[in-house]
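Undergrad: For what it's worth, this note's numbering labels the leading residue of the sequence shown as 15, then goes sequentially.
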Amino acid sequence: MAIPFSVTFLGTGTSTGTPMIACGCAVCHSTDPRNRRTRPSVLITTTQGRILIDCGPEMRLQLLAAKTPSIDAVLLTHAHADHIHGLDDLRQLTFASGNPVDVYASGQTLKRVMHVYDYCFKDTGPGGGKPQLHLYEIAYGQTIELAGITIMATRHMHGTLDVTSYVIGDRFVYCTDVSLIPEETMSEFAGKDVVVVGAVRPDSKPHASHFVLPEALDVLGRLAPRLGLITHMSHSFEHATVEAQLAKNRRLAFDGLIVSLSDDQITLSSSPDSAHDCR
Numbered sequence: 015m016a017i018p019f020s021v022t023f024l025g026t027g028t029s030t031g032t033p034m035i036a037c038g039c040a041v042c043h044s045t046d047p048r049n050r051r052t053r054p055s056v057l058i059t060t061t062q063g064r065i066l067i068d069c070g071p072e073m074r075l076q077l078l079a080a081k082t083p084s085i086d087a088v089l090l091t092h093a094h095a096d097h098i099h100g101l102d103d104l105r106q107l108t109f110a111s112g113n114p115v116d117v118y119a120s121g122q123t124l125k126r127v128m129h130v131y132d133y134c135f136k137d138t139g140p141g142g143g144k145p146q147l148h149l150y151e152i153a154y155g156q157t158i159e160l161a162g163i164t165i166m167a168t169r170h171m172h173g174t175l176d177v178t179s180y181v182i183g184d185r186f187v188y189c190t191d192v193s194l195i196p197e198e199t200m201s202e203f204a205g206k207d208v209v210v211v212g213a214v215r216p217d218s219k220p221h222a223s224h225f226v227l228p229e230a231l232d233v234l235g236r237l238a239p240r241l242g243l244i245t246h247m248s249h250s251f252e253h254a255t256v257e258a259q260l261a262k263n264r265r266l267a268f269d270g271l272i273v274s275l276s277d278d279q280i281t282l283s284s285s286p287d288s289a290h291d292c293r
């Protein structure tokens with residue numbers, strides 16, 4: 015029997031986050047904490063370990079808020095700044111444990127990581143500090159086991175860029191920064207309990223490299239998961255207003271949301287340090 019696991023949404027925003035710098039809109043000035051969105055990332059927790067998907071600029075603050083003492087592995091979706099520019103802060107975890115952190119990603123993503131963080135992979139002499147990272151290429155369609163659960167890497171498109179989506183424990187799908195999901199990937203997503211899809215705006219105006227909400231909902235309609243969640247949302251999403259328009263089993267994720275999967279159950283809650291009320 016598959017072991018239970020939980021997924022904590024550390025961040026659910028776009029590359030700009032919400033509130034956005036120099037913006038005076040109502041959402042950026044909202045008092046609803048669900049409208050405060052850091053850069054996108056989730057934390058998978060099992061009885062055997064913790065897996066981080068993506069490592070954006072607010073990673074340090076996100077892990078502190080989630081009271082995370084250790085990370086056993088990192089999965090990267092792609093190498094844009096809002097997904098990898100927190101990797102240096104993994105150094106404190108490697109200092110504390112004395113062990114490197116294993117990082118899994120596609121070959122093109124790892125190539126970019128080695129360029130941006132070149133100092134991590136060469137002798138820079140005494141002084142200073144840097145994370146100890148072990149890089150592992152994971153191919154599309156490949157399945158690995160981490161923290162006691164199986165993880166499959168699949169491929170979708172973010173404009174013209176190949177991005178890695180992940181099927182976790184054969185129950186949970188994480189697919190962010192998406193503008194097209196190939197049919198072979200859709201077949202891998204079929205029959206899963208929880209599917210997370212990115213959508214940058216709630217309107218229907220097409221975007222060159224992201225789904226907008228109607229497109230994401232169309233995918234969820236085709237897949238028919240027990241729970242469909244939206245992430246990677248811009249300040250165009252006013253949480254309460256948009257979520258009120260969704261079907262009962264379609265929700266907007268928010269920073270601090272926890273989805274727990276145990277046996278046949280799906281439970282929603284909020285992390286202790288978040289002020290969110292998961293209705």
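Even for Gly, the Cβ is constructed at its ideal location relative to N, Cα and C.
Quick caveat, the model's predicted, so the values are computed rather than measured.
(1) Just reading off the beta strand (DSSP E) that Gln10 is part of, what are its end residues?
(2) Grab me the residues of Ala289's own chain with a C-beta within less than 6 Å of its C-beta, minus the 5 sequence neighbours each way, in chain order.
(3) Measuring CA to CA, which of Gln279, Asp278, Ser250 and Leu237 is closest to Leu266?
(4) Excluding five sequence neighbours on each side, which residues of the same chain lie with their C-beta closer than 8 Å to the C-beta of Phe109?
(5) Taking the straight line between their C-alpha atoms, what separation do you get for Gly235 and Ala261?
(6) By the 10 Å Cβ neighbour count, where 16 or more other Cβ atoms means buried, how is Gly212 classified, buried or exposed?
(7) Counting C-beta neighbours from all protein chains within 10 Å, is the total for His246 16 or more, i.e. buried, or is it exposed?
(8) Could you give the DSSP three-state label for Tyr131: helix, strand or coil?
(9) Mind checking which residues open and close the alpha helix (DSSP H) that includes Ser179?
(10) Taking Gln2 as the reference, which of Ser201, His172, Leu282 and Ala167 has the closest Cα?
(11) Quick one: residues in its chain with C-beta nearer than 7 Å to the C-beta of Phe135, no 5 flanking neighbours on either side, listed in chain order?
(12) What residue does the alpha helix (DSSP H) around Met200 start on, and which one ends it?
(13) If you follow the alpha helix (DSSP H) that Ile98 is in, where does it begin and where does it stop?
(14) With C-beta atoms as the reference, is Gly25 less than 8 Å away from Thr52?
(15) Count the CB pairs spanning the segment 60-70 and the segment 86-97 that are closer than 8 Å, and state whether there are at least three.
(16) Tell me whether Asp68 sits in a helix, a strand or coil according to DSSP, three-state version.
(17) Kindly indicate which three-state DSSP category Phe268 falls into: helix, strand or coil?
(18) Compare the beta carbon distance of Ser193 and Thr22 with 8 Å and say whether it is the shorter of the two.
(19) DSSP on Thr26, reduced to helix/strand/coil?
(20) Roughly how many angstroms separate the alpha carbons of Asp291 and Asp137, rounded to a whole number?
(21) Within 10 Å of its beta-carbon, does Thr281 have 16 or more other beta-carbons around it, so buried, or fewer, so exposed?
(22) If distances are taken between C-alpha atoms only, which option among Asp207, Ser20, Met73 and Asp232 comes closest to Pro216?
(23) Mapping the DSSP letters down to three states, classify Asp116 as helix, strand or coil.
(24) Under three-state DSSP, which class holds Ala80?
(25) Taking only the alpha-carbon atoms, compute the straight-line gap between Ala95 and Ser29 and give it to the nearest angstrom.
(26) Specify the secondary structure class of Arg293 as computed by DSSP and reduced to three states.
(27) With a CB to CB cut of under 6 Å and the five nearest residues on each side skipped, what residues in its chain are close to Arg293?
(28) Looking only at its chain, what residues have a beta carbon closer than 7 Å to the beta carbon of Met73, apart from the 5 residues adjacent to it on each side?
(29) Provide the residue span of the alpha helix (DSSP H) that contains Gly235, from first to last.
(30) Which residue's Cα is closest to the Cα of Lys81: Leu57, Leu237, Gln62 and Ile98?
TA: Concretely, from the data shown:
(1) No answer is possible for residue 10: it lies beyond the span of the chain, which begins at 15 and ends at 293.
(2) Residue placement at Ala289 cannot be trusted, given a pLDDT of 37 that sits under 50; what the coordinates show is reported in the next sentence. Pro47, listed in sequence order.
(3) Distances from the alpha-carbon of Leu266 to those of Gln279, Asp278, Ser250 and Leu237 put Ser250 closest.
(4) Cβ within range, chain order: Gly143.
(5) 10 Å
(6) buried
(7) buried
(8) Of the three classes helix, strand and coil, the one that applies to Tyr131 here is coil, per DSSP.
(9) Note, Ser179: premise wrong, no alpha helix (DSSP H); beta strand (DSSP E) at Leu175 to Ile182.
(10) With the chain running from 15 to 293 in the structure shown, residue 2 is simply not present.
(11) Closer than 7 Å at the Cβ level, and outside the excluded window around Phe135, lie Met128.
(12) Per DSSP, Met200 belongs to the alpha helix (DSSP H) from Glu197 to Phe203.
(13) Ala95 to Ile98
(14) yes
(15) yes
(16) Asp68 falls in the coil class under three-state DSSP.
(17) coil
(18) no
(19) coil
(20) Because the pLDDT of Asp291 is 35, which lies under 50, any placement of that residue in the model is unreliable, and the question is left without a value.
(21) exposed
(22) Asp232
(23) Asp116: strand per DSSP, three-state reduction.
(24) coil
(25) 8 Å
(26) A caution first: Arg293 carries a pLDDT of 30, below 50, which makes its placement in the model unreliable, though a value can still be read off. Here Arg293 sits in coil by DSSP.
(27) Note on Arg293: pLDDT 30, under 50, position unreliable in the model; no value is reported.
(28) Ser55, Gly100 and Asp103
(29) In the DSSP annotation of this structure, the continuous segment of the alpha helix (DSSP H) that includes Gly235 starts and ends at Leu227 to Leu237.
(30) Leu57
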